[in-house]
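J.:
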Amino acid sequence: LRELPLPAPGFAGQLVGMKRDEEKEFKLQFPSDYPRGELAGKEPSFKVRVIEIKQEGLPELNNEFAKEISPDFKSLKSLRKKVSTDLKLRAEEKARIDFEERVIEAVVDITELEFPPILVEMETDQLINQQLRRWQMGGKGLEEYLSSINKTEEELRQELHPLATKRVTRSLTLGKIAEEEKFEVSDAEISAEIENMTKSATENKDELNKFLNTPQARKSIEQVLITRKTIQRLVEIAKGLNMNIKKTQKEERK
1 LRELPLPAPG
11 FAGQLVGMKR
21 DEEKEFKLQF
31 PSDYPRGELA
41 GKEPSFKVRV
51 IEIKQEGLPE
61 LNNEFAKEIS
71 PDFKSLKSLR
81 KKVSTDLKLR
91 AEEKARIDFE
101 ERVIEAVVDI
111 TELEFPPILV
121 EMETDQLINQ
131 QLRRWQMGGK
141 GLEEYLSSIN
151 KTEEELRQEL
161 HPLATKRVTR
171 SLTLGKIAEE
181 EKFEVSDAEI
191 SAEIENMTKS
201 ATENKDELNK
211 FLNTPQARKS
221 IEQVLITRKT
231 IQRLVEIAKG
241 LNMNIKKTQK
251 EERK
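Following this line, the structure appears as C-alpha cells:
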C-alpha cells in the first residue's frame with residue numbers, strides 16, 4: 001500500500017494504521033519533476049476519512065478452485081501444469097527476444113552509416129506523435145502535453161534525439177543487410193501473415209482482413225517479414241558462434 005503513487009506520492013502511506021470512520025489531515029510535497037506540470041513543486045493539503053476497510057482473502061488451492069478458473073481444468077494438477085507451461089513459454093520468448101536484441105545491437109555497433117540529419121528529425125516527429133496519441137486519448141493537445149511534462153517542445157526533441165538516432169541507425173542497418181542478402185517475400189507469405197493476424201482478432205475480422213489486404217498494408221507487412229528474415233539470419237550467424245560480421249561500407253543516404 002505504501003508504494004502506491006496515486007493520487008500523490010506518499011498518499012497511501014498516510015492511510016496505513018487508520019481505523020474505520022477515522023479522519024486525518026496532512027500535506028504532501030509533489031517533486032519538482034512531477035509529470036503533471038501544474039502540480040510540480042506544490043504542497044497541497046488532504047483531508048480523508050476511512051469509510052470501509054477490506055481485507056484481501058486468498059482462495060484455497062484445490063480442484064474446485066481450478067474449475068472456477070476454467071471448465072477446461074478438471075483438477076488443480078492440470079491448472080498447475082498449464083501455468084507452468086505458460087511461464088516456461090513466456091521465459092523462452094523473453095530469452096529469444098533478448099538474444100535477438102543483443103545480436104542486433106552488436107551488428108549496429110560495428111556498422112558505419114552516414115545518413116542525412118532529416119531522417120533523425122522525422123523519426124523524432126514519429127516518437128513525439130506516438131506520445132501525443134496516447135495523451136490525446138483524453139482529448140488533450142500538444143501544448144497541454146508539454147505543460148504536463150514540464151518541458152518545451154525543443155527540450156522534448158533533444159530528449160528523444162538519441163533514441164531517434166538509434167532507431168534510424170538500426171532500421172538502415174537491417175535494411176542494408178536485407179539488401180545484401182537479397183531477401184524477398186512472396187505474396188503467399190504475406191497472405192499467410194494476414195491470415196494469422198486476422199485469426200487472433202476477437203472482432204471485426206472481415207474489416208481487418210479488408211484493410212490488411214490493401215496495397216499499402218501489404219507493403220508494410222512485406223517490410224515486417226523481410227526484417228524478420230534479416231533478424232533470423234543474424235541470429236543464425238550468432239548461434240553459429242560466427243559474430244565476425246564485416247563492417248559495411250559507409251552508405252550515403254541522401
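The sequence shown maps to residues 1 to 254 in full-length UniProt numbering.
Cβ atoms here follow ideal geometry from the backbone N, Cα and C, with glycine treated the same way.
1) Check for me: the alpha helix (DSSP H) holding Glu-155 runs from which residue to which?
2) Who are the near neighbours of Leu-156 in its chain, counting only those whose CB is closer than 6 Å to its CB and skipping five residues on each side?
3) Is it buried or exposed for Phe-73, if we count other Cβ within 10 angstroms and need 16 for buried?
4) Alpha carbon to alpha carbon, how far is Val-103 from Val-235? Give it in angstroms, no decimals.
5) Report yes if the C-beta distance between Asn-150 and Ala-217 is below 9 Å; otherwise report no.
6) Closest to Lys-54 by C-alpha separation, out of Phe-30, Val-16, Lys-67, Lys-47, would be which residue?
7) Keeping to the same chain, check which residues put their C-beta closer than 7 Å to that of Pro-59; ignore five residues upstream and five downstream.
8) Any chance the segment 77-86 sits against the segment 126-134, with 3 or more Cβ pairs inside 8 Å?
9) Determine the burial state of Thr-214: buried for a count of at least 16 other Cβ atoms within 10 Å of its Cβ, exposed for fewer.
10) What are the start and end residues of the alpha helix (DSSP H) that includes Glu-195?
11) Taking just the CA atoms, how far does Thr-202 sit from Pro-71?
12) Going by DSSP, which residues form a beta bridge with Phe-26?
13) Thinking C-beta only, is Asn-209 closer than 9 Å to Ile-190?
14) If we ignore side chains and look at the alpha-carbon of each, how far apart do Pro-116 and Gln-232 end up?
15) Can you have a look at Thr-152 and say buried or exposed, based on whether 16 or more other CB atoms are within 10 angstroms of its CB?
16) Taking only three categories from DSSP, how would you classify Phe-211?
17) How big is the Cα-Cα spacing for Arg-167 and Glu-100?
18) Does the Cβ of Val-224 have 16 or more other Cβ atoms within 10 Å, making it buried, or fewer, making it exposed?
19) What number of angstroms, rounded off, separates the C-alpha of Lys-88 from the C-alpha of Asp-98?
20) Just to confirm the assignment, what range does the alpha helix (DSSP H) spanning Asn-63 have?
21) Considering Cα atoms alone, identify which of Thr-230, Ala-238, Gln-29 is closest to Gly-175.
22) Starting from the C-beta of residue 267, find all residues in its chain whose C-beta is less than 6 Å away, skip the five residues before and the five after it, and write them out in chain order.
23) Enumerate in chain order the residues of its own chain whose CB-to-CB distance from Thr-165 is below 6 Å, with the five nearest sequence positions on each side excluded.
24) Going by DSSP, what residue range makes up the alpha helix (DSSP H) through Tyr-34?
25) Would you give the residue range spanned by the alpha helix (DSSP H) that Ile-51 belongs to?
T.: Taking the coordinates as given:
1) DSSP places Glu-155 in the uninterrupted alpha helix (DSSP H) bounded by 153-181.
2) Once the five neighbours on either side are set aside, Leu-156 has no close Cβ partner at all.
3) With 16 or more other Cβ atoms within 10 Å, it is buried.
4) About 7 Å.
5) With contacts defined by Cβ atoms closer than 9 Å, Asn-150 and Ala-217 do not form a contacting pair.
6) Comparing Cα-Cα distances from Lys-54 to each of Phe-30, Val-16, Lys-67, Lys-47, the minimum goes to Val-16.
7) Cβ neighbours of Pro-59 beyond the five flanking positions: Phe-65.
8) No contact exists between the segment 77-86 and the segment 126-134.
9) It counts as exposed.
10) Here the alpha helix (DSSP H) through Glu-195 covers 187-199.
11) Pro-71 and Thr-202: Cα-Cα distance of roughly 21 Å.
12) Beta-bridge pairing links Phe-26 to Phe-46.
13) Taking 9 Å as the Cβ cut-off, Ile-190 and Asn-209 do not qualify as a contacting pair.
14) So the two alpha carbons sit approximately 28 Å from each other.
15) Exposed is the label assigned to Thr-152, since fewer than 16 other Cβ atoms lie within 10 Å of its Cβ.
16) Under the three-state reduction of DSSP, Phe-211 is assigned to helix.
17) Distance from the CA of Arg-167 to the CA of Glu-100, rounded to the nearest whole angstrom, comes to 15 Å.
18) Label assigned to Val-224: exposed.
19) The C-alpha of Asp-98 is placed about 15 Å away from the C-alpha of Lys-88.
20) 63-69 is the span of the alpha helix (DSSP H), which, as asked, contains Asn-63.
21) Nearest to Gly-175 by C-alpha distance, out of Thr-230, Ala-238, Gln-29, is Thr-230.
22) In the structure displayed, the chain extends from 1 to 254; residue 267 sits before or after that span and is not available.
23) For Thr-165, where only same-chain residues beyond five positions count, the Cβ hits under 6 Å are Val-120.
24) First-last for Tyr-34: undefined, no H or E at that position.
25) Run containing Ile-51: none; DSSP gives neither H nor E here.
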